[in-house]
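With the UniProt record's numbering, letter number 89 in the sequence shown gets 89, and the count goes up by one each step, no holes.
Ideal placement from N, C-alpha and C gives every residue a C-beta, glycine not left out.
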Amino acid sequence: MATRDPGAPALNEPADGTKRAVQSAGGTLQPAIEVENVETALEIAALGVADAITARSILRRQQGKLPAPLYSAPLEPSLYDSFAIVHRRNAVLSRPVQTVIEFAVARMQALAEE
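Okay, structure coming up:
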């Protein structure tokens with residue numbers, strides 16, 4: 001029986017990039033369960049219960065914490081997430097908010113280079 005978090009994006013939605021990428025590689029994606037927490041997904045996969053789709057950089061960071069090793073394979077076409085920083089037009093951002101934005105942008109760029 002499939003269980004799904006109602007707040008999570010559905011993998012069976014036609015616009016979902018993960019499903020399209022798997023299908024373009026000749027596979028099918030039929031999730032039995034979806035989890036929001038990537039660490040949980042990787043632990044389940046490491047136990048051999050399911051597969052997980054995540055960024056290779058996340059797998060590298062979590063590998064030593066898993067009960068068994070996991071291996072990665074690239075998806076073609078590659079998957080990308082889009083992020084946006086939204087604020088009111090002409091709003092003056094406080095220095096702490098600017099710092100958070102700068103940190104987030106730098107972190108995203110570092111992850112993209114891994």
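- Message: Give me the residue from Y71, A50, Q23, A52 with the minimum Cα distance to R60.
- Response: Y71
- Query: When we look at the beta-carbon of E102 and count the other beta-carbons within 10 Å, is it buried (16 or more) or exposed?
  - Reply: Burial call: exposed.
- Item | Three-state secondary structure assigned by DSSP to I101 | helix
- Query: When burial is assigned at 16 or more other CB atoms within 10 Å of the CB, is D5 buried or exposed?
  - Reply: Model confidence at D5 stands at a pLDDT of 46, short of 50, so the residue's coordinates are unreliable; what they give is reported in the following sentence. Result: exposed.
- Task: State the start and end residues of the unbroken alpha helix (DSSP H) segment that holds residue 126.
- Result: One cannot answer for residue 126 here, as it falls past the ends of the chain, which runs 1 to 114.
- Output the distance between the C-alpha atoms of V97 and I58, rounded to the nearest integer angstrom. 26 Å
- Query: DSSP three-state call for I58: helix, strand or coil?
  - Reply: Judged by DSSP in its simplified three-state form, I58 adopts helix.
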